[in-house]
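Colleague: The structure is given below, and queries will be raised subsequently.
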């Protein structure tokens, strides 16, 4: 049993992955017609113990269309002619997705506009207003 580390306390067992070889699409000559070198990896999020609702929501957002309605992540890898390389690529992409989702975003801290910035904005408005006032005063010769 191979375990992949997601975080310090969260691990992914390869026994929980469903990996099947499928025929790849695209160019490849006879090889593409007779060898199932592409990989479809399926992982049920319910099989990952210790995943919180926050992480589950982040996984759903990051996975997008790769997450089914049943909560299964489906990743297809067909970049290589080697099934082994495609399998490793699919597992690496799943781990990267889970690691990225495990990091909670920092909460945004509201800041106030500084006094100097406020004064510069008001001065700019006064200047623009004065320019328009001068234009109105001498606008009869049109």
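Numbering (the working numbering), first residue to last: 2 to 143. We treat Cβ as the ideally placed atom computed from N, Cα and C, and that holds for glycine.
Could you give the distance in angstroms between the alpha-carbon of residue 20 and the alpha-carbon of residue 41?
Modeller: Rounded to whole angstroms, residue 20 to residue 41 spans 6 Å at the Cα level.
Colleague: Give a yes or no on whether the C-beta atoms belonging to residue 62 and residue 46 are separated by under 8 Å.
Modeller: Contact: no.
Colleague: Pick from 114, 52, 18, 12: whose alpha carbon is nearest that of residue 105?
Modeller: Residue 105 has its Cα closest to that of 52, out of 114, 52, 18, 12.
Colleague: Enumerate, from N- to C-terminal direction, the unbroken beta strand (DSSP E) stretches of 3 or more residues contained entirely within the segment 60-135.
Modeller: Counting whole runs of 3 or more residues, the segment 60-135 contains the beta strand (DSSP E) stretches 73-78.
Colleague: For residue 114, count the other beta carbons within 10 Å of its own beta carbon; 16 or more makes it buried, fewer makes it exposed. Which is it?
Modeller: It is exposed - the Cβ of residue 114 has fewer than 16 other Cβ atoms within 10 Å.
Colleague: Quick one: does the C-beta of residue 129 sit closer than 7 Å to a heavy atom of the ligand NAP?
Modeller: Among the components modelled here there is no ligand, and therefore nothing to report on the ligand NAP.
Colleague: Answer yes or no: do residue 96 and residue 11 have a C-beta to C-beta separation smaller than 8 Å?
Modeller: No, these two residues do not count as a Cβ contact at 8 Å.
Colleague: Going by the DSSP bridge assignment, what does residue 39 pair with across the sheet?
Modeller: Looking at the DSSP assignment, residue 39 forms a beta bridge with 23.
Colleague: Evaluate residue 143 with the Cβ neighbour count: other Cβ atoms within 10 Å of its Cβ, from every protein chain shown; 16 or more gives buried, anything less gives exposed.
Modeller: Confidence is the limiting factor: at residue 143 the pLDDT is only 48, short of 50, which leaves the residue's position unreliable, though a coordinate-based value still follows. The residue is exposed, with fewer than 16 neighbouring Cβ atoms inside 10 Å.
Colleague: Along the beta strand (DSSP E) that carries residue 13, what are the first and last residues, could you check?
Modeller: That run of the beta strand (DSSP E) goes 12-14.
Colleague: Is residue 9 helix, strand or coil when you go by DSSP?
Modeller: Looking at residue 9 - three-state DSSP - the assignment turns out to be coil, as it is neither helix nor strand.
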